[in-house]
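Heads up, the thing below is written out as structure tokens.
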Amino acid sequence: MNLPTICDSSKKLRISYLTLINYMAGIDGQLDKKEISLLSNMIQKFSLSEQDSKKIFIEQKFSKNQIDEIFSHLKKDNLHYSFILDLIAMASADGAILQPEKLMLAQISGLIGLTNDEFYNLINFSQATSNIELDGCIDPMYQYVITLFFDWVKNKKVIWK
Numbered sequence: 593m594n595l596p597t598i599c600d601s602s603k604k605l606r607i608s609y610l611t612l613i614n615y616m617a618g619i620d621g622q623l624d625k626k627e628i629s630l631l632s633n634m635i636q637k638f639s640l641s642e643q644d645s646k647k648i649f650i651e652q653k654f655s656k657n658q659i660d661e662i663f664s665h666l667k668k669d670n671l672h673y674s675f676i677l678d679l680i681a682m683a684s685a686d687g688a689i690l691q692p693e694k695l696m697l698a699q700i701s702g703l704i705g706l707t708n709d710e711f712y713n714l715i716n717f718s719q720a721t722s723n724i725e726l727d728g729c730i731d732p733m734y735q736y737v738i739t740l741f742f743d744w745v746k747n748k749k750v751i752w753k
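Every letter in the sequence shown is one number past the one before it in this note's numbering, and letter 140, counting from 1, is 732.
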């Protein structure tokens with residue numbers, strides 16, 4: 593199964609996607625160096641220009657309707673799981689997922705249709721694996737859990753208990 597990639601989407605959607613990611617990064621009131629670095633890497637990966645980057649880094653507020661609208665475009669293009677994963681990566685980039693970040697993540701997970709159990713398993717998974725060195729040797733059990741997680745994300749067939 594080949595999942596779509598945001599890089600194949602319109603420039604407008606890529607900018608909206610990253611602007612919301614930036615919004616998540618600053619929702620706790622600060623933009624950490626790790627968050628800026630992650631966002632800069634994403635901008636480069638998404639093949640966006642310096643001018644586009646300036647649009648993304650402008651501090652913005654989003655209403656629920658604006659988030660819903662952007663999200664509906666992502667869902668239409670089957671990018672909603674990628675989006676929640678990128679949001680979680682951004683929220684945990686500074687080492688902890690704070691309450692304002694959890695609230696936004698919960699809102700987005702509701703739009704995806706995740707149950708509360710699935711949402712909390714996803715958060716717990718991201719926090720448990722955030723310190724794994726990917727260049728080093730990964731414990732086989734961690735590798736198994738990571739594989740199950742991505743199977744669930746891709747196919748939504750993994751049942752979390």
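We put the beta carbon where it would ideally sit given N, CA and C, even for glycine.
Can you find the residues in the same chain that come closer than 8 Å, C-beta to C-beta, to residue i, ignoring five residues on each side of it along the sequence?
i, result
"residue 699", "656 and 659"
"residue 601", "609, 669 and 671"
"residue 640", "603, 606, 607, 610 and 648"
"residue 634", "610, 613 and 678"
"residue 716", "none"
Please list, in chain order, all residues of the same chain as residue i whose beta carbon is under 7 Å from its beta carbon, the five residues on each side excluded.
i, result
"residue 683", "616, 689, 693 and 697"
"residue 711", "698 and 701"
"residue 620", "690, 692 and 693"
"residue 718", "680 and 684"
"residue 614", "631, 648 and 649"
"residue 727", "Any reading at residue 727 must be qualified, since the residue scores a pLDDT of 48, below 50, and its modelled position is unreliable; the value itself is stated next. No residues qualify anywhere along the chain."
"residue 636", "none"
In this structure, how does DSSP classify residue i when only helix, strand and coil are distinguished?
i, result
"residue 627", "helix"
"residue 681", "helix"
"residue 651", "coil"
"residue 718", "helix"
"residue 709", "helix"
"residue 645", "helix"
"residue 686", "coil"
"residue 622", "coil"
"residue 639", "coil"
"residue 597", "coil"
Since residue i contacts residue j with CB under 8 Å, what's their CB separation in whole angstroms?
i, j, result
"residue 627", "residue 686", "6 Å"
"residue 608", "residue 662", "5 Å"
Going by the CB atoms, is the gap between residue j and residue i shorter than 9 Å?
i, j, result
"residue 605", "residue 672", "no"
"residue 618", "residue 642", "no"
"residue 706", "residue 695", "no"
"residue 654", "residue 598", "no"
"residue 611", "residue 647", "yes"
Starting from residue i, trace the alpha helix (DSSP H) both ways and give me its first and last residue.
i, result
"residue 657", "656 to 668"
"residue 617", "603 to 618"
"residue 702", "691 to 704"
Using a Cβ-Cβ cutoff of less than 6 Å, which residues in the same chain neighbour residue i once the five nearest sequence positions on both sides are dropped?
i, result
"residue 675", "666"
"residue 623", "617"
"residue 703", "663"
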